[in-house]
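Residue numbers (this note's numbering), protein chains in the order written: chain V, 19 to 158; chain H, 19 to 158; chain C, 19 to 158; chain B, 19 to 158.
Number of protein chains: 4
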Amino acid sequence: MAIETVLKSHPRKTLIELHSFVSCIEACIQCAETCTSCADACLAEERVQTLRKCIRLDLDCADICRTTARILTRQTEPEPQFMRILLDVCVTMCGLCARECETHAEMHRHCRICAEACRECERNSRQLLAELPGGAGLAH
Amino acid sequence: MAIETVLKSHPRKTLIELHSFVSCIEACIQCAETCTSCADACLAEERVQTLRKCIRLDLDCADICRTTARILTRQTEPEPQFMRILLDVCVTMCGLCARECETHAEMHRHCRICAEACRECERNSRQLLAELPGGAGLAH
Amino acid sequence: MAIETVLKSHPRKTLIELHSFVSCIEACIQCAETCTSCADACLAEERVQTLRKCIRLDLDCADICRTTARILTRQTEPEPQFMRILLDVCVTMCGLCARECETHAEMHRHCRICAEACRECERNSRQLLAELPGGAGLAH
Amino acid sequence: MAIETVLKSHPRKTLIELHSFVSCIEACIQCAETCTSCADACLAEERVQTLRKCIRLDLDCADICRTTARILTRQTEPEPQFMRILLDVCVTMCGLCARECETHAEMHRHCRICAEACRECERNSRQLLAELPGGAGLAH
């Protein structure tokens, strides 16, 4: 993705190694897009009435990951302490959504793919959280 | 705002008294809109180079409050524990943005109005956080 | 809503009379919020499988109205020609969503309320479109 | 990107060949992210007062492209006619933002990268517009 290229052209240096931001932003964007698609695929399933919780969490997770990606992308006057609590919310949200999708993974391929995207985003957010100034203390 | 009317027509009852959700959602929407406008007004100011941090925090705060409003609005299969940590992020973000806007409140009327909207949202989020099942323990 | 107050404090004057922008932005925000709630209420309905189209259009309409509100709010270096084609999309989207919600208005109160919010937003967008420089020619 | 994989797992077939949707969605997401970063990079530039229009258009373009990506992703009960007018708005927005960024492309590398992402998104949106049922008539 071109996000690395554009972040490299920013007049300010990233707080920590650029690559850690890039991986996390990419995982957030990927997860947001996959959740948007999974919610929509669930809605089209014959037994949509069994997928209410999955749809709801997909929509929430898409919103959280998209917002996290935007805020991590901004490198002007960053607030590492705030990024940390936001990443913590992102880790929790991705975990909730992954857990729900995993219960339908056998039945619906989109839920399996979505669970994987959530776990990938959870991992990357946890990783960035551990690297940001302030230590690894906030993660639950 | 009509948000109370539409939430009342939802087939599921809200987790706690409807009014607490309504006040917080309204404050989040108001704050998101005010921050969007303040960021844009700062950008038009002659001495925009002194308002970088304010613009950046306004943009972040608009994103966070808009996402919080969306997630609080959804009453199907709610996750009160997640709402709590999200509200906590919202309280922190509004506090950061208010503090920055307050430093320009004498100079720029939009910063004063924005600081007030952030403080109002911070108060309402803290209030809902205290009322949601799970107690007041998470707030920093 | 405080949007009038914050827009009044902007260093640049609005393209046309402030009140026209304020009414349209408020209607967009109201519509976005109502659509978010209606989609979620539909999802909780027993016969959710009959409400697929309604949910889908509610989600689209919430996204379009929220984006329209953000762009209309920005008064720095405005592009009236672009605002016009965006308002045209907003009018079309609100019309589509209202039409769908109206077919369920007898059955579901949230659909009735949502249809009204969409029609109100459609009216206000059409009004602003007629007042913006460039004439009324673009509306379908 | 995994968007192709998740769209393939959707219970409904896309309106037209899947690949056309995938390319356009990816270009929209890429453009939204690049615009978000370019707006932030402009804000950090020493001569930010000369980049007001660029920042404003970057923010608008990020909002439009993100909304377009979401709506194109939804394949349940699609409205091809609406997708067409939305793609038309996306083409116009990307063209406006590209044109502005191109005027700073020599000076700021982020503006050059952003202009390229906008042009790529403009091209892909135009392409999908031409392939969607209803013909190529709407594009300006």
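The C-beta atom is built at its ideal place from N, Cα and C for all residues, glycine as well.
In this text, all values refer to a predicted model and were calculated from it rather than measured experimentally.
Contact with chain H by residue i, beta-carbon distance below 8 Å
| i | result |
| --- | --- |
| Thr23 (chain V) | no |
| Leu36 (chain V) | no |
CB contact below 8 Å: residue i versus chain C
| i | result |
| --- | --- |
| Arg74 (chain V) | yes |
| Arg70 (chain V) | yes |
| Leu150 (chain B) | no |
Buried versus exposed, by CB contacts within 10 Å (16 or more), residue i
| i | result |
| --- | --- |
| Ala87 (chain B) | buried |
| Ile34 (chain H) | exposed |
| His37 (chain V) | exposed |
| Gln67 (chain B) | exposed |
| Thr121 (chain H) | exposed |
| Lys31 (chain V) | exposed |
| Ala80 (chain V) | buried |
| Glu124 (chain H) | exposed |
| Ala50 (chain H) | buried |
| Cys64 (chain B) | A small fix is needed here, since residue 64 (chain B) is Glu in this sequence, not Cys. Glu64 (chain B) comes out exposed. |
| Gly152 (chain V) | exposed |
| Pro96 (chain C) | buried |
| Ala154 (chain B) | In this predicted model, Ala154 (chain B) has a pLDDT of only 46, less than 50, meaning its place in the structure is not dependable enough to derive any value. |
Proximity test, Cβ basis, 8 Å: residue i and chain B
| i | result |
| --- | --- |
| Ala62 (chain H) | yes |
| Leu146 (chain C) | no |
| Leu90 (chain C) | no |
| Ile47 (chain V) | yes |
| Gln93 (chain V) | yes |
| Val66 (chain H) | yes |
| Thr86 (chain V) | no |
| Ile43 (chain C) | no |
| Thr54 (chain V) | yes |
Closest residue to residue i among the options (Cα-Cα distance)
| i | options | result |
| --- | --- | --- |
| Ala135 (chain B) | B:Leu33, B:Glu35, B:Ala45 | B:Ala45 |
| Arg117 (chain H) | H:Cys132, H:Gln145, H:Asp81, H:Glu64 | H:Cys132 |
| Cys42 (chain H) | H:Pro151, H:Glu149, H:Gly152, H:Asn142 | H:Asn142 |
| Leu147 (chain H) | H:Ile21, H:Phe100, H:Ala62, H:Arg130 | H:Phe100 |
| Cys129 (chain H) | H:Pro29, H:Cys115, H:Gln93, H:Arg92 | H:Cys115 |
| Met111 (chain V) | H:Met111, H:Gln145, H:Leu104 | H:Leu104 |
| Ser55 (chain H) | B:Leu77, B:Leu69, B:Cys139, B:Thr94 | B:Leu77 |
| Glu149 (chain H) | H:Cys72, H:Glu22, H:Asp58, H:Arg102 | H:Arg102 |
| Ala59 (chain H) | C:His126, C:Val24, C:Arg137 | C:Val24 |
| Lys71 (chain V) | C:Leu69, C:Ala62, C:Leu75 | C:Ala62 |
| Arg144 (chain V) | V:Thr94, V:Cys108, V:Thr85 | V:Cys108 |
| Ile82 (chain H) | H:Thr52, H:Pro98, H:Leu69 | H:Thr52 |
| Glu140 (chain C) | C:Pro98, C:Pro29, C:Gly113 | C:Gly113 |
| Ile89 (chain H) | V:Leu69, V:Arg137, V:Ser27, V:Ile73 | V:Ile73 |
| Pro29 (chain B) | V:His126, V:Arg137, V:Glu138 | V:His126 |
| Phe39 (chain B) | B:Thr94, B:Glu22, B:Ser27 | B:Glu22 |
| Ser27 (chain C) | C:Cys119, C:Arg137, C:Gln93 | C:Gln93 |
| Cys119 (chain V) | V:Ala20, V:Ala57, V:Pro98, V:Ile47 | V:Ala57 |
| Pro98 (chain V) | H:Arg84, H:Leu75, H:Thr85 | H:Leu75 |
Any C-beta of chain V under 8 Å from that of residue i
| i | result |
| --- | --- |
| Asp58 (chain H) | no |
| Pro98 (chain B) | no |
| Ile82 (chain H) | yes |
| Glu51 (chain B) | yes |
| His28 (chain B) | yes |
| Val40 (chain H) | no |
| Gly155 (chain H) | Low per-residue confidence applies at Gly155 (chain H): pLDDT is 45, beneath 50, and the placement is therefore not dependable, though the value from the model is reported in the following sentence. No, because no Cβ of chain V sits closer than 8 Å to the Cβ of Gly155 (chain H). |
| Leu105 (chain H) | no |
| Glu140 (chain H) | no |
| His158 (chain B) | Confidence at His158 (chain B) is low in this model, with a pLDDT of 39, below 50, so its placement is unreliable and no value can be given for it. |
Closer than 8 Å to chain D by CB, residue i
| i | result |
| --- | --- |
| Thr32 (chain V) | No chain D is part of this structure, whose protein chains are labelled V, H, C and B. |
**Message:** Extract the residue ranges of the alpha helix (DSSP H) inside the segment 94-118 of chain H, only unbroken runs of 4 or more that lie entirely within it.
**Reply:** Runs found: none.
**Prompt:** Which residues, in order along the segment 117-132 of chain B, keep a beta-carbon less than 9 Å from a beta-carbon of chain V?
**Reply:** Correct list: His126, Arg127, His128, Cys129, Arg130, Ile131, Cys132.
**Item:** 4 or more residues per run - each alpha helix (DSSP H) lying fully within the segment 32-103 of chain H
**Value:** List check, alpha helix (DSSP H) in window: 36-62, 70-91.
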